[in-house]
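> Numbering (our numbering), first residue to last: 336 to 729. Even glycine gets a Cβ: it sits at the ideal position worked out from N, Cα and C. What you are looking at is a predicted structure, and each value in this text was computed from that prediction instead of being measured. This is the structure, below, for whatever I ask next.
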Ligand SMILES: [Zn+2]
């Protein structure tokens, strides 16, 4: 049975239909001194259908009805949208259709910040896959793993569907978990002034000073800058008071606890950037921490992909008498393309030509470290530029 399923995976591509989308921007001033709120008003044009199909090694393509490729590498186009630029996001939706089904005769409204976050999560998942392939980039792995785990869930309410981003169990807990174990009659604390935590990262019990425990719980000062932050308090509550959770969650909790007590406590987490309460002590980033970070990056990638492909199911095509996948919308198609990527074998690279207008983010085998440009034209243009620069230097 398992064998048969894997053959379907190898042999078939998947398809997805969509419609051209139109988008208006409503900008509303909500309160004095506050930035205005932007809402996208969207509708689709059912007279302008769009077809997508997935081909191994090329990725997701925009195709004609008969299957001829109109534009290659749609996931690369999504990666190329400048971060946070709502107009460029709108351009993408107007070209390739909206990520989710929308109506044709009435507006669907979507908050601009929310949709940017949804796109950021797709990018972050892909960046993570890239960052763990080949030469590992631990800084990027940390930034995108943390982003995907710490950012609250986004829910888009459309007239036809409700979409929610993946909510990891850690995400729910870091928002809310505030229950501390009662140590008032604890024998170990009474005898030694310490409380031992079974720790998956150090591989044995990790004794915590009771003064530190009490200070974090009550929000008093400690030697650790930022220990009063609400995120750290919740993380500390999880670390000390949820010892028998499943291994995946424990691995995540233990990593963030060690990282933040030994390197620095997170202040703000943005897409592509983490700021700390004090200058982080990066020298303390040990090999054990790196190994643990890789583990949680893998957990996060798989949970993100699984969450977003859950509505896809296999079906048998009547016309072709062949197995196929029912992919319902563009966001599923995008995640399904990531699902089909061969982790560690294929990565998305950014074309080295500044302002590349061709295939800025292209899919390439991870071992081809010498391929730096998306195409011959870009590589030639860059070579000509280098030649000119040399002439000028003479
Ligand atoms: Zn290029």
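Near residue 546, which residues of its chain fall below 7 angstroms by C-beta distance, leaving aside the five closest residues on each side in sequence?
Taking the chain shown and counting its residues from 1, one reaches residue 546 at position 211. Nothing meets the Cβ criterion.
> Following a CB-centred definition, is residue 708 positioned closer than 7 angstroms to any heavy atom of ligand 1?
If you number the chain shown from 1, residue 708 lands on position 373. True, at least one ligand heavy atom lies under 7 angstroms from that Cβ.
> For the 8 angstroms Cβ check, are there 3 or more pairs between the region 496-514 and the region 636-646?
Segments in contact, yes.
> Check whether the Cβ of residue 694 lies closer than 7 angstroms to any heavy atom of ligand 1, and answer yes or no.
For this step, residue 694 is matched to residue 359 along the chain shown. Yes, since a heavy atom of ligand 1 falls inside the 7 angstroms radius drawn around the Cβ of residue 694.
> Near residue 371, which residues of its chain fall below 8 angstroms by C-beta distance, leaving aside the five closest residues on each side in sequence?
The residue given as residue 371 occupies position 36 in the chain shown. Result list for residue 371: 362, 363, 364, 365, in chain order.
> What separation, rounded to the nearest whole angstrom, lies between the Cα atoms of residue 341 and residue 658?
By 1-based counting over the chain shown, the position of residue 341 is 6. By 1-based counting over the chain shown, the position of residue 658 is 323. Since pLDDT at residue 341 reaches only 35, below the 50 mark, its modelled position is unreliable, and the value read off the structure follows with that caveat. Rounded to the nearest angstrom, the two C-alpha atoms are 12 angstroms apart.
> Could you compute how far the alpha carbon of residue 347 sits from the alpha carbon of residue 553?
Stepping through the chain shown from its first residue, residue 347 is reached at position 12. Stepping through the chain shown from its first residue, residue 553 is reached at position 218. Because residue 347 carries a pLDDT of 44, less than 50, the predicted location of this residue cannot be relied on, and the following value inherits that uncertainty. Roughly 57 angstroms between the two C-alpha positions.
> Mind checking who residue 353 pairs with in its DSSP beta bridge?
The residue you call residue 353 lines up with position 18 of the chain shown. 385.
> Spatial neighbours of residue 463 within its chain, please: C-beta separation below 6 angstroms, excluding the five flanking residues on both sides.
Numbered from 1 along the chain shown, position 128 holds the residue referred to as residue 463. Cβ neighbours of residue 463 beyond the five flanking positions: 479, 632, 636.
> Taking the alpha helix (DSSP H) that residue 728 belongs to, which residues open and close that run?
As a first step, residue 728 is located in the chain shown; it is residue number 393 there, counting from the start. Segment 711-728, the alpha helix (DSSP H) holding residue 728.
> What first and last residue would you give for the alpha helix (DSSP H) that runs through residue 616?
Start at 1 with the first residue of the chain shown, and residue 616 comes out as number 281. Premise fails: residue 616 is in no alpha helix (DSSP H) and is neither H nor E.
> If you draw a straight line from the alpha carbon of residue 367 to that of residue 490, how long is it in whole angstroms?
Position 32 of the chain shown, counted from the start, is the residue given in the question as residue 367. Position 155 of the chain shown, counted from the start, is the residue given in the question as residue 490. Roughly 27 angstroms between the two C-alpha positions.
> By alpha-carbon positions, which one of 594, 604, 374, 717 ends up nearest to residue 617?
To locate residue 617, count along the chain shown from 1; it is residue 282. It is 594.
> Buried or exposed: where does residue 403 fall if 16 or more other Cβ atoms within 10 Å of its Cβ makes it buried?
On the chain shown, residue 403 is found 68 positions in, with the first residue counted as 1. Residue 403 should be labelled exposed.
> Would you mind stating whether residue 439 and residue 380 have Cβ atoms separated by less than 8 angstroms?
Residue numbering aside, residue 439 sits at position 104 when the chain shown is read from its first letter. Residue numbering aside, residue 380 sits at position 45 when the chain shown is read from its first letter. Contact: yes.
> Pull up the CB-CB distance for residue 405 and residue 399, whole angstroms please, since I reckon it's below 8 angstroms.
Here residue 405 refers to the residue found at position 70 when the chain shown is read from its first residue. Here residue 399 refers to the residue found at position 64 when the chain shown is read from its first residue. Indeed, because the Cβ distance is near 6 angstroms, the residues count as touching under 8 angstroms.
> Taking the CB atoms as reference points, tell me whether residue 408 and residue 694 lie closer together than 8 angstroms.
Mapped onto the chain shown, residue 408 falls at position 73. Mapped onto the chain shown, residue 694 falls at position 359. Yes, Cβ-Cβ distance for residue 408 and residue 694 is below 8 angstroms.
> Quick check on this structure: which residue in 514, 612, 541, 685 has the alpha carbon closest to the alpha carbon of residue 707?
Residue numbering aside, residue 707 sits at position 372 when the chain shown is read from its first letter. Answer by Cα proximity: 685.
> Let me know if residue 343 comes out buried or exposed under the rule of 16 or more other beta-carbons within 10 Å of its beta-carbon.
Within the chain shown, residue 343 is the residue found at index 8, counting from 1. Residue placement at residue 343 is poorly supported in this model, since its pLDDT is 36, which falls under 50; the coordinates are not used for a value here.
> When DSSP labels each residue in this structure, what does residue 452 get in the three-state scheme?
As a position in the chain shown, residue 452 is number 117, starting the count at 1. It is helical.
> Checking the sheet assignment: what are the DSSP bridge partners for residue 376?
Here residue 376 refers to the residue found at position 41 when the chain shown is read from its first residue. Note: residue 376 sits in a beta bridge opposite 359, 444.
> Whose C-beta lies closer than 7 angstroms to the C-beta of residue 521 among residues of the same chain, with five residues either side of it excluded?
Stepping through the chain shown from its first residue, residue 521 is reached at position 186. Around residue 521: 530.
> Is the beta carbon of residue 580 less than 8 angstroms from the beta carbon of residue 535?
Here residue 580 is taken as the residue at index 245 of the chain shown, counted from 1. Here residue 535 is taken as the residue at index 200 of the chain shown, counted from 1. Going by C-beta atoms, residue 580 is not nearer than 8 angstroms to residue 535.
> For ligand 1, any of its heavy atoms closer than 7 angstroms to the Cβ of residue 688?
Numbered from 1 along the chain shown, position 353 holds the residue referred to as residue 688. Because some heavy atom of ligand 1 lies under 7 angstroms away, the Cβ of residue 688 counts as near it: yes.
> Please list, in chain order, all residues of the same chain as residue 506 whose beta carbon is under 8 angstroms from its beta carbon, the five residues on each side excluded.
Here the question's residue 506 lines up with position 171 in the chain shown. Cβ neighbours of residue 506 beyond the five flanking positions: 484, 485, 486, 487, 488.
> Would you say residue 691 touches ligand 1, meaning its beta carbon is less than 7 angstroms from a heavy atom?
Locating residue 691 in the chain shown gives position 356, where the first residue counts as 1. Result yes, Cβ under 7 angstroms from ligand 1.
> For residue 427, collect the residues of the same chain with a Cβ closer than 7 angstroms to its Cβ; drop the 5 residues on either side in sequence, then sort them by chain order.
Residue numbering aside, residue 427 sits at position 92 when the chain shown is read from its first letter. Excluding positions up to five away in sequence, the list reads 412, 413, 416.
> How close, in whole Å, do the beta carbons of residue 548 and residue 570 come, if the pair is a contact with beta carbons under 8 angstroms?
Position 213 of the chain shown, counting from 1, holds the residue named residue 548. Position 235 of the chain shown, counting from 1, holds the residue named residue 570. Rounded, the Cβ-Cβ distance is 13 angstroms, inconsistent with contact.
> Using 8 angstroms as the threshold, is the region 710-724 in touch with the region 418-433, meaning 3 or more CB pairs across them?
Result no; under three Cβ-Cβ pairs closer than 8 angstroms.
> Can you tell me which residues form a DSSP beta bridge with residue 652?
The residue labelled residue 652 in the question sits at position 317 within the chain shown. 657.
> Could you tell me which of 705, 723, 673, 689 sits nearest to residue 460, measuring between CA atoms?
Residue mapping note: residue 460 aligns to position 125 of the chain shown, counting from 1. Residue 460 has its Cα closest to that of 673, out of 705, 723, 673, 689.
> Taking the alpha carbon of residue 611 as the point to measure from, which residue in 560, 585, 622 has its own alpha carbon closest?
Translated into positions along the chain shown, residue 611 becomes position 276. When each option's Cα is compared against that of residue 611, the closest is 560.
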